Every structure is written in structure tokens, then in C-alpha cells.
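Enquirer: Going by the working numbering, 40 is the number at position 38 of the sequence shown; the sequence numbering is gapless.
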Amino acid sequence: MTDAVRAIERATGAVRRETVGLGLSGARVLRLIDARGRPVAFVKLVDDARGRLARDLAAETARLEWLARLGVPVPEVLGAGADDGGSWLATRALPGRPASDPWPEGERDSVVDRIARAARELHATAAGDAPFDRSLSSVLPEVRERVASGLVDRSWEIAGREGPPAAAVLPELESAAEALGDGGPAVSHGDFCLPNVLVAGSGGPGFVDVGRAGTADPHSDVADMARSLRSRMNPQFGPASAERFLDAYGRDRIDPERLRLHDLLESFFWPVPEARGPGG
Numbered sequence: 003m004t005d006a007v008r009a010i011e012r013a014t015g016a017v018r019r020e021t022v023g024l025g026l027s028g029a030r031v032l033r034l035i036d037a038r039g040r041p042v043a044f045v046k047l048v049d050d051a052r053g054r055l056a057r058d059l060a061a062e063t064a065r066l067e068w069l070a071r072l073g074v075p076v077p078e079v080l081g082a083g084a085d086d087g088g089s090w091l092a093t094r095a096l097p098g099r100p101a102s103d104p105w106p107e108g109e110r111d112s113v114v115d116r117i118a119r120a121a122r123e124l125h126a127t128a129a130g131d132a133p134f135d136r137s138l139s140s141v142l143p144e145v146r147e148r149v150a151s152g153l154v155d156r157s158w159e160i161a162g163r164e165g166p167p168a169a170a171v172l173p174e175l176e177s178a179a180e181a182l183g184d185g186g187p188a189v190s191h192g193d194f195c196l197p198n199v200l201v202a203g204s205g206g207p208g209f210v211d212v213g214r215a216g217t218a219d220p221h222s223d224v225a226d227m228a229r230s231l232r233s234r235m236n237p238q239f240g241p242a243s244a245e246r247f248l249d250a251y252g253r254d255r256i257d258p259e260r261l262r263l264h265d266l267l268e269s270f271f272w273p274v275p276e277a278r279g280p281g282g
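This is the structure:
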């Protein structure tokens, strides 16, 4: 993978690299910087070529290419591959700052409004060949596998969640999904939280970390962003910003029961840190 990173550095004119700490995907992320101090590319690295993280990286590569064909503002794929050292994905840097940045108080409402507008535009995108089905009915088998493997209980334990185990909560999710149906479908980000939206200048925001993108009920993205705006991890925003986002997106488009369903669904996909080998 070292050779791949060096090739990307040469191709983009990068002169140094920085490790990026933001994100919960489990991949190592490098930011490549040019001589003027500008980010020119990002490289995601995972330490094996066949495990879950490697599969996630391959899925993100395919989704980036699909979304780019649809005209969605996502990073350009510069290269991807796998070898005995692991897997990697290199993308060109998009302009802008993460929406999770500490925006001045006078700019925060504008940021929220722009995110809502970008969500509406994304969900109105014609899906084209739509190769990635993320409807409730397609996702539930994955949820059951995660519950059976213990992944969900481990993630809940790490997050400090109290209450019954995942196997006891799963019937509630299944019952709500059966009652409400798949919804949508629309082109959806799949992890539509503040760090994954880049805001730049007067143009529309761009989207990163799209490894769970696909056609899905748009309430999944709306629930993700409202939850992100309310999160203690983003104290510059808060409940009032979440309500503003819902207003700007359009209350007439939103079913509160579906928001609750997708909040519950997302809890079954909380990340679990991968065990790292010696020197990892």
C-alpha cells in the first residue's frame, strides 16, 4: 500500500501527508497536502484485503462511481486496490469544510439550511440503474446477521447503552418495519451526518463517506441528520438546529413514525472498532 500512496502523491502533486482522526469507519485515513498547504486527496487504508473493512472499502468505491454517474457531488475516485498489505481507496479532495466544524454562531442557521436543501436535491435525483438497494426489507437480513454475530451487543456495550440485548429489541424493529413498509425509494447517502457533508463557498455541499449509499427511504437520511444535529458530539448545534433542519427539509415530506423507525434501525449499525494486530 505504501507504493500506492506514493503513486497518488506523485499524481496529485502532494508533498506531505497527515493522518485524519475524524471518523468511525475503522479505516486509517491520510490527507495528502500540496506545496501550497491545500488538501488534494484522501487515502483510506485497511490492514487486510479480505475482511469486513476491506469489503466496506470496495462497497464505498462502487458507490462513489455510481453517485458520480448520477451527478451527485462526491469525491472523484483516483484509484483503489488490494494486495497482501491490505486494501486502499484514494479520492480527490472536495472543496469545503465539514458541516461538523465549529461554525461562527451567525453562520450556523445558513449551514443547516444548506444541508436541508442538499438533502432534498439528493433525494430528488433520478436513481438510474440503482444497483444498491438499501430498503428496509433488504437491510433487515443484514441486521439479523449483526445481531446473531454479537456485533450489535458489542457496539451497544461500547456506547454505554443500557437496556435489553439486541435480540430482545429486534422484534420491535421488525414489527415497525412490517407496519410501515419500505417507503421511498430515493437516492440516499446512508450515513448522512454532519462530518460527511462538506460546505464550501456559495455552491451546494458535497458528500463523503458514502459506503452505505443506495436507494432507500429518504427518512433514513433525515433521521441521521436530525440526530447528528442534536448530538453532544456537535455542541455548536443542538435541538433547535435539528428542528430548523426538519422545517427546511419540509415537514410535509416527513412522517414522525418513520423517523423513529430509522433511529431504531441505525442503532443496529453503530460501529465496532476492529481489533488491530501488533504495531497496528
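Beta carbons are placed, not taken as given, at the ideal position from N, Cα and C, and that holds for glycine. Fair warning: this is a prediction, and the values are worked out from it, not measured in the lab.
1) Where does the unbroken beta strand (DSSP E) through T21 begin, and where does it stop?
2) Excluding sequence positions up to five away, which residues of its chain have a Cβ less than 6 Å from the Cβ of F239?
3) Per DSSP, what kind of secondary structure is D265 in: helix, strand or coil?
4) By DSSP, does F247 sit in helix, in strand, or in coil?
5) Quick one: residues in its chain with C-beta nearer than 8 Å to the C-beta of T4, no 5 flanking neighbours on either side, listed in chain order?
6) Report back the beta-carbon spacing between A2 and S137 to the nearest angstrom; my notes put them in contact at under 8 Å.
7) Can you check whether the CB of A61 is closer than 8 Å to the CB of G192?
8) Select from R260, W272, L96, V45 the residue whose C-alpha is nearest the C-alpha of A168.
9) Output yes or no for whether 8 Å exceeds the beta carbon distance between G2 and L200.
10) Determine which residues share a DSSP beta bridge with R94 and list them.
11) Rounded to the nearest angstrom, how far is the Cβ of L34 from that of V42, given a contact under 8 Å?
Expert: Let's see:
1) Its beta strand (DSSP E) spans residues 16-22.
2) L231
3) helix
4) helix
5) G87
6) In this structure the chain extends from 3 to 282, so residue 2 is not present and cannot be described.
7) no
8) W272
9) The question about residue 2 has no answer, for the chain in this structure spans 3 to 282.
10) A43.
11) 5 Å
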